[in-house]
Structures are given as C-alpha cells and as structure tokens.
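Here the protein sequences come in this chain order: Y and F. Position one of the first sequence corresponds to residue 7 (the working numbering), numbered consecutively onward. Position one of the second sequence corresponds to residue 1244 (the working numbering), numbered consecutively onward. Built from N, CA and C at the ideal position, the CB exists for glycine as well.
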Amino acid sequence: MSPARSPVTMPLTHAATAPIALVGGKAASLGRLLAHGLPAPDGLVLTTVAYHRFVETQGLAERIAVELARKRDDDYRWEELWDAALRIRSWFLGNPWPEELRLAIERSLSELPPGAPVVVRSSSPHEDSKERSFAGMHESVVGVVGTARILDAVRAVWASLFSDRSLLYRRELGLDPVRSSMAVIVQPLAESDRSGVAFTQDPLEWGRGTVEAVWGLGEGLVSGQVAPDRWSIDRGSGRVLSHEPPEERAERLALAPVGTALVPLDHTGSDHPPLKPSEVADVWSLATRAEEVFGSPQDCEWTYDLGSPLLTQSRPITTLPDDARRAHLDLRPSFDLLARLGERIERESLPAMSREADEWGDVDLSRMLPSTLADEARLRAEAVTQWRRVYREEFIPFAHGARLFGRFYNDAVRPEDPFEFVAVLVRDAAELETHRVLLAELHIEAVNTATTAARRHELETHYIDTFGTEEDRSQARRILDLGRASWRLRDDDNLYLRRLENEAQRALREIERRLGDTANVATGDTASGPASGVSATEEHLLQRAATILRALEEDTIDSKRPTAAAELPPGVRPRQLLGQPAGPGVATGPARVIATREDLLALRPGDIVVADALEPDTAAFAARAAGIVERRGGMLVHGAIVAREHGLPCVTGVTGATTVIRSGELLTVDGYLGIVVLDDV
Amino acid sequence: MRLDELLESQPLAVLATESGGHPYTNLIAFAADGPSRVYFATTRATRKWSHLNANPQVSLLVDDRTNREIDFHEAAAATGLGRAEVCSGDHRVFGLELLRARHPHLVDFLSSPSTDILLVRMTEWYVVERFQSVSRVNVAEESP
C-alpha cells in the first residue's frame, strides 16, 4: 500500500484487516475483537501516515534526529535522556498541524459522540509481539474532552515514542527511535468503576490463568499505583482455584480535572473485592474468547462499563522475560507517590538527620574511653550507611518531583523554552536562607545571590492564570509545591548527609589521634600529646572501628571518578565539545579544572569552572565563576542548579570534560546551544 | 538558468574565508534571496566568524554533485565572490525567517542569542556545467 493512498484515519473496525505498519498492533487486535463480535469500545485510528505527515512538517523529524545524535548513545546519562525527551515533547506540542491533516482528523473526530470524554492511546507497529511488549511504555491520555484537547493529546502520545523510558527500552532492543512511527487510537472512555487485566495463561504456572481487578480506572493497576485482587483460574474448567486480596484496598484511580488522581475508597469498596464470583467468570470467559480469536494465550485489559465487561486491549503473552521493560516502567513518577515521599522526607528524614548530626556534634570524643569511642564510631558508621540508603531510595527518586512539574508546566503554559519552568522552581530568599544555614554548618560561606525573584513571581502568576477553575488552580499549586520541594531538596539533601559524614570522619580522626599516641608511647616519644594509655585490646577495637570508618569514606554517594572521553590519537585535540544547554548565556574565560577543594579555593572571578561532578557545597563556590561546565548531564545536576540561580552560562553532560580540558585554557561556554569551545585550539 | 536552480535546490554551500593569507573552508546551511544575497548563520565563537571579522571577503561554492562518475556530465557548480556582513535589525529578522523557512530543523541554532545571521552580498558567480562549460554572471547590486 503506497503511503500516498493510505488513509490518515480509519474506523477501528477496519483496522482488523489493515497492515500493522499502518495501524499498529493494538488497533489491529482491537479491530479483530470487534470484527468477531466481542464487546470492545469502537473508535478511530489515526494511522502512521498521519504521524509521518506531522513529523515531516517544519523539519521536526530531523530536529529530533539531531537532538538524539548529540552524543554517542553510551555517553547519555538517563537524566540527559529525560531532558532530551522533555525538549522533544515540547517540540511535538508546539509543532503546527499541516492544515489538510488537521481537517482530515477533525472530520473523523466529528463522528464520535460529541462532548463525551475519550481516551487517546498509542498503537505502535513495533508494540506487542510475542517477543516483546511495550505495555505501559507509551503514553495514554485518559478523559480528554473537545477537539482541540484531543489533538493535543494525539501530539503528546506521539511524543511518547521519545519518552526517556521508551528511548532507553528501544535502545536496549536495538530499535532506532528516529525510524519508529506510531498510530493512535481515539475511543470513547468507558464509565469504568472496576477494571483490570486477565492472563489466559499464567506465565509461571502451566494450565492456569489469572484475573486481576481494581476499583476505578485500569491505569491504576497497569501503572502499579493500585494493588489488585487476584484470582487464579483453572484453564480447563474455568473454575476459580484461589482468590488473593491485596494487603488493603484503600484507593482507586479516578478522572481528575486534569488527568487522573488516586481517590480514597469508601467502605463498600475497601471491604469488597471489585468483582463478584459471577463477574470473575464473565471476565474470564471474555478473555478466553479473545484467545480463540487470536489462537494464542492473551494478556487482556478489561473494564466494566454500565454493568457489563468490555475488552479494552488484547495482546499475546510475552514469552520472554521482560525485566528491561519493567525496570524502565519504574521511571514513571506519579504525583501521589511523590507527594507522600516528599512529605516523609521533609517531615521525618531531614529533621531526624539534623537531630542526629546535632547530637553527634555535642559529643566530646576526646573524653571518651577507648572502648566507648570504638562503639560510638561503629554506631556512626552504621547510621551513615543507613542514611545513604535512604538517600538513594528516597531522596534521589524525589528529584522526579521537579521533572513532573516541568512536564505539567509545559503542557499548561506551552513556553518557547522547554526549561522555562526551572525559573519558577529556583529558590526564593527564604529557601536560600535555609541553604545558607546548612552551608554555614559545614563552614562554607554562601555567595550572595538571587536576582531571580521577580521572574519567578511573574512566571508563577502566569502559570496559575492559565487554569480556569479554582479546583484546577489548587491542583496546579500543589504540583508547583511538589516541584519546589523537590528542587530545593536536590541541593540541600546531601548537605544533611554531609554533616553526618563529617561527624563520622571526626570520630575517625579522634581514633587516629589515639592510635598515633599509642605508637608514640611505643617508641618512647611522648612529646606530641598526653599518653592515653590504650591497652592492646582497646587498640584492636579502635583499629577495627577505624577500618569501618575508612571504608565509609571511600564509598561516597556520588562517584567522583571522572569518566574519560574516548582516547584521542596523538595530534588530535577537540575544538568544540557538545553537551546540554543548562544555563542560558555565553561566557569566555580561562578554564579552572576542579579536582580538589584547593582548586576551588584558587578560583578567580571570571574563571570557567570545569568539573566532573559538583557537589552542593562546592557548587556554592562555583557561583563566583563566569561559567560552569560539568561532565554529569541533566537539568538537576548541581552545576546547573547554581547556574540557573545565579544566571551563569552553563553546559552539562560534557563527556570527559575534566580530562580533555586543561586549567588555564581559554574556553567559551555557550549555554544557549550547549557547546564548549576551546578557543586556543 | 542553472544558477537560480542551484541556489533554490541546494541546502548546503562551501564557504571560503581567509586568515593570515590562508584560505579556510566550511560547510554552511544557506538561504539565498536571489543570486546577489546569500544568508547563513554561525555562532560567534567559531573560527569562520573571527576570520570574517578580520576579512569579510569570501568565496562560496554551491553545487549539485552526487559524488559519482555521472557528475562530470550532469552536475553543475557555482563559485561566487562576495562580502559578508553581520545582519542587525530588520535585516536580521528577514535573514532569520528565510533561513528558518529553508532549514526548519535548525530553529534552535538559528534563533540562539549566541548565533549571528550573516548576509553575503555577492558580486559575481562562475557557473560550471557539462564538465567544462563556464560562464560568469555579474550580480552586484548598487551600493546601499
């Protein structure tokens, strides 16, 4: 079928016989279900021809290809892919519709019931074969009303071909995202009070199938936000073998003014499984009919619509382990989970860390008995290890809060610069005061700052004003609050940790002093301090404690080992290095490569800081520079945070920055385009 | 005329600048407003920008070769001489729009504050076709 004659849209029922390359796997299987008379919501397919027409407009396809070719694949950190994904998404949303395409889609949309909410879902030609599944990988937009919003949702679903998780997953599968395409399904939204999935063959147990159900929208289950009731079913007889309720039924996913939200269940909901026994049987029978249609075990999604079950999707059960996809799905942040995480961090973890650091600071280690000192040291080592775990498992994921806000802001405001939202997140005077106090506790004097308050206020007002109803506005404010908490924590959290680490180090220094004294006693040299009279047993205890503390020092949160750029042949030097634009502006000055704290102290105004990974405490010094270059990439690395808050040109994600650039070399940092020029080369 | 066709169809040109008596060539994305005005863009931190700043005399090469043997009878090439200037005000807006229309995927590069839009005012072109058929085309405009 030649693309020129292929339709831009078609009814879902026609998708049954259309090529997968045109309608995608999901639409083709829904079409087949409908053609076989199974209950499924009818709707509309926007074919891959529509996608291609759109990305060929205004050079969007090539613009994306260039963006994704900035560095070798392996040189991208996940954070940078996320930033690239955000840029690409805003290009999709901002790219104009070719008139003819828009009219064709609007004509087809007019055949759907007017004013009814729809769901807009991806149907990629590469999705859902027996070998691999893209389930949950691409975006679905649930509960969209009105042509304009549906057209926006279509662009958002297309853009999800280039989401961070989709880019990572495709890379792992060896698929080129630039050559991918996507069809889109638009269906009337079922009035789902109960939804779930059904596997006609349990991947782990032969001869058994599974039905899972939750209250509310099925997206709650598929995204992992709501735990399901699970029934194990005998394939032969269709008999229920066991029913396993979740630990608790507390919430359901429901339509919200914008998108979806978790809503607490009432008593009826929390006390009863979503399905009655007869309904489990009805769902199972639908799923087995789907298996008959396709001739292989199926992974179905279903929902109850006005009292009877509908199939909303059916795909072959993936036969291969699917760890990669699951791992990438975990990258999806949800507002509710993040909000809870933020609350726990700010109300519990941070105060507890401060308290602990204060207590440790009050201890006079020099007066402790050797055995008490050894105990204290081990206690501190254990606590630091514990807090580092909390840091990795809670603080780092909480950075998603800033990202979640960024996407939400871009959807609402449609700014020209996809990173404009950062100016709304940057800390105000009060928040920076907290930061200053934290720095002061580490004996670091913060540079005076922040002329960014006026812009922050202006953008915030504009953002809130884009929402019509008070309900929407208050949701917008909640998401902003989450973003801000995430942003300030990103810079403050390792200061809290650093205080504890410093206290552990203080114990190590004290132990070393005692052991040093012992050595002195042994050699008869008593001039260097009071003999402490450490016995052999005590010395052994102290030695062991010291070993533990030293191991702690070596294993820090952020790996400080610079990643080298690919080895260059003799005679070759880079002239321009590519990274990510992370702070607008251009600056030229001598490079100051930061390897040690002394390098930072030697920093002169007008220097360009070149660092592998700036830490919040070192970042405070970097604010004195004329520009910042950091090897780590991403909008939330500390170099980028400092640059945004102090208005410095900044490029991050420069592979091998500290190994390629030498101190004293003249550099130009182009923070608009993400380029570092070695001017003398 | 082959010249107009080349300027309309080709996205890229070779730009020759000079520094210290040495020629220096680059590939540039260009957009022509007739044969006497050629626009391109560069960031200010590039070698070509500093060369142009010191000596604005340039040569351009626009051609439709495919890098195969048939180029000898099929391809055409135009070598032009001109003088480059950094655009400001309305000129900049006009040049930027022209370049954006021709190279929409370069929008970020073109609209970056670190990028200059340059206009090369051409005086003459030498058009080569059918391997060795050469004509000179005078395109110089009256001085503004």
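Between the CA atoms of residue 648 of chain Y and residue 642 of chain Y - distance to the nearest angstrom: Taking the first sequence and counting its residues from 1, one reaches residue 642 of chain Y at position 636. Taking the first sequence and counting its residues from 1, one reaches residue 648 of chain Y at position 642. C-alpha separation (whole angstroms): 10 Å.
Contact set for residue 1378 of chain F: own chain, Cβ-Cβ below 7 Å, skip 5 residues either direction: One-based indexing of the second sequence puts residue 1378 of chain F at position 135. So the qualifying residues of the chain are 1370.
Stretch-stretch touch, CB-based, cutoff 8 Å, three pairs: the segment 462–474 of chain Y with the segment 248–262 of chain Y: no
Three-state secondary structure assigned by DSSP to residue 305 of chain Y: The residue given as residue 305 of chain Y occupies position 299 in the first sequence. Looking at residue 305 of chain Y - three-state DSSP - the assignment turns out to be strand.
Interfacial residues, the segment 1245–1275 of chain F to chain B, with Cβ spacing under 9 Å: Absent from the structure: chain B. Protein chains present are Y and F.
heavy atom of the ligand GDP below 8 Å from residue 476 of chain Y C-beta: The model on display carries no ligand, and the ligand GDP is accordingly not part of it.
Nearest-angstrom Cα separation, counted from residue 1252 of chain F out to residue 1342 of chain F: If you number the second sequence from 1, residue 1342 of chain F lands on position 99. If you number the second sequence from 1, residue 1252 of chain F lands on position 9. Distance between the alpha carbons of residue 1342 of chain F and residue 1252 of chain F is about 13 Å.
7 Å Cβ cut-off: residues of chain F touching residue 674 of chain Y: The sequence position of residue 674 of chain Y within the first sequence is 668, counting from 1. Within chain F, the residues near residue 674 of chain Y are 1288.
Residue from Y:393, Y:100 and Y:228 whose Cα sits closest to the Cα of residue 418 of chain Y: Taking the first sequence and counting its residues from 1, the one referred to as residue 418 of chain Y is at position 412. Of the listed residues, the one whose Cα sits closest to residue 418 of chain Y is Y:100.
Euclidean distance between Cα positions of residue 294 of chain Y and residue 44 of chain Y: Counting from 1 along the first sequence, the entry for residue 294 of chain Y is found at position 288. Counting from 1 along the first sequence, the entry for residue 44 of chain Y is found at position 38. The alpha-carbon atoms of residue 294 of chain Y and residue 44 of chain Y are separated by roughly 11 Å.
Any chain F beta carbon closer than 9 Å to residue 17 of chain Y: If you number the first sequence from 1, residue 17 of chain Y lands on position 11. No, because no Cβ of chain F sits closer than 9 Å to the Cβ of residue 17 of chain Y.
Any chain Y beta carbon closer than 9 Å to residue 1342 of chain F: Within the second sequence, numbered from 1, the residue matching residue 1342 of chain F stands at position 99. Not closer than 9 Å to any Cβ of chain Y, the Cβ of residue 1342 of chain F fails to qualify, so no.
Residues that residue 414 of chain Y bridges to, as DSSP identifies them: To locate residue 414 of chain Y, count along the first sequence from 1; it is residue 408. In the DSSP output, where bridge partners are listed per residue, residue 414 of chain Y has none listed.
Expected contact under 8 Å - CB spacing of residue 189 of chain Y and residue 28 of chain Y to nearest Å: For the purposes of this step, residue 189 of chain Y is taken as residue 183 along the first sequence, with counting starting at 1. For the purposes of this step, residue 28 of chain Y is taken as residue 22 along the first sequence, with counting starting at 1. Residue 189 of chain Y to residue 28 of chain Y, Cβ: 7 Å. Contact.
Residues in the segment 38–71 of chain Y having any Cβ partner in chain F nearer than 9 Å: 63, 64, 65, 66, 67, 68, 69, 70 and 71
Residue 270 of chain Y, buried or exposed, once every other Cβ within 10 Å from all chains shown has been counted against 16: For this step, residue 270 of chain Y is matched to residue 264 along the first sequence. Exposed.
Closer than 8 Å at the beta carbon, the chain Y residues around residue 1352 of chain F: One-based indexing of the second sequence puts residue 1352 of chain F at position 109. Simply 679.
For residue 609 of chain Y, the first and last residue of its enclosing alpha helix (DSSP H): Within the first sequence, numbered from 1, the residue matching residue 609 of chain Y stands at position 603. It is not in any alpha helix (DSSP H) - residue 609 of chain Y carries neither H nor E in the DSSP assignment.
Residues that residue 1356 of chain F contacts on chain Y, provided the C-beta gap is smaller than 7 Å: Looking up residue 1356 of chain F in the second sequence gives position 113. By Cβ distance, chain Y contributes 678.
Inter-residue spacing [alpha-carbon to alpha-carbon] between residue 1286 of chain F and residue 1329 of chain F: As a working mapping, residue 1286 of chain F is identified with position 43 in the second sequence. As a working mapping, residue 1329 of chain F is identified with position 86 in the second sequence. Straight-line Cα distance between these residues: approximately 11 Å.
Cβ contact (3+ pairs, closer than 8 Å) linking the segment 1279–1297 of chain F and the segment 672–684 of chain Y: yes
Every unbroken alpha helix (DSSP H) inside the segment 94–165 of chain Y [4 residues or more]: 105–115 and 153–165
Terminal residues of the alpha helix (DSSP H) in which residue 224 of chain Y lies: Residue 224 of chain Y sits at position 218 when you count from the first residue of the first sequence. Neither: residue 224 of chain Y is in no alpha helix (DSSP H) and is coded neither H nor E.
Alpha helix (DSSP H) segments (min. 4 residues) lying fully within the segment 341–409 of chain Y: 341–350, 356–368 and 376–396
Residues sharing a beta bridge with residue 498 of chain Y, DSSP: Counting from one through the first sequence, the residue named residue 498 of chain Y turns up at place 492. In DSSP, residue 498 of chain Y forms no bridge with anything.
Helix, strand or coil at residue 574 of chain Y [DSSP, three-state]: Translated into the one-based positions of the first sequence, residue 574 of chain Y becomes position 568. Three-state DSSP puts residue 574 of chain Y in coil, outside helix and strand.
Inter-residue Cα distance where the pair is residue 315 of chain Y and residue 1355 of chain F: Counted from its first residue, the first sequence places residue 315 of chain Y at position 309. Counted from its first residue, the second sequence places residue 1355 of chain F at position 112. The straight-line gap from Cα to Cα measures roughly 54 Å.
Length of the line joining the Cα atoms of residue 669 of chain Y and residue 599 of chain Y: Along the first sequence, read from residue 1 onward, the residue named residue 669 of chain Y stands at position 663. Along the first sequence, read from residue 1 onward, the residue named residue 599 of chain Y stands at position 593. Their Cα atoms are separated by approximately 5 Å.
Neighbour list for residue 683 of chain Y in chain F, Cβ cutoff strictly below 7 Å: Position 677 of the first sequence, counted from the start, is the residue given in the question as residue 683 of chain Y. What residue 683 of chain Y touches in chain F: 1288.
DSSP three-state assignment for residue 537 of chain Y, whether helix, strand or coil: In the first sequence, counting from the first residue as 1, residue 537 of chain Y sits at position 531. In this prediction, residue 537 of chain Y scores a pLDDT of 44, lower than 50, which makes its location untrustworthy; the coordinate-derived value is nonetheless stated afterwards. Reduced to three states, the DSSP call for residue 537 of chain Y is coil.
Residue from Y:53, Y:40 and Y:26 with nearest C-alpha to residue 15 of chain Y: Start at 1 with the first residue of the first sequence, and residue 15 of chain Y comes out as number 9. Among Y:53, Y:40 and Y:26, the Cα nearest to that of residue 15 of chain Y belongs to Y:53.
Per-residue contacts from residue 1347 of chain F into chain Y (C-beta, under 7 Å): By 1-based counting over the second sequence, the position of residue 1347 of chain F is 104. Neighbours of residue 1347 of chain F on chain Y, chain order: 64 and 65.
At least three beta-carbon pairs within less than 8 Å, the segment 392–412 of chain Y to the segment 351–365 of chain Y: yes
C-alpha gap between residue 196 of chain Y and residue 296 of chain Y, whole angstroms: The count along the first sequence starts at 1 and reaches residue 196 of chain Y at position 190. The count along the first sequence starts at 1 and reaches residue 296 of chain Y at position 290. Straight-line Cα distance between these residues: approximately 19 Å.
Residue 1379 of chain F - containing beta strand (DSSP E), residue span: To locate residue 1379 of chain F, count along the second sequence from 1; it is residue 136. Counting along the chain, the beta strand (DSSP E) containing residue 1379 of chain F begins and ends at 1376–1381.
Counterpart residues of residue 589 of chain Y in DSSP-defined beta bridges: Position 583 of the first sequence, counted from the start, is the residue given in the question as residue 589 of chain Y. The partner list for residue 589 of chain Y (beta bridge, DSSP) reads Y:656.
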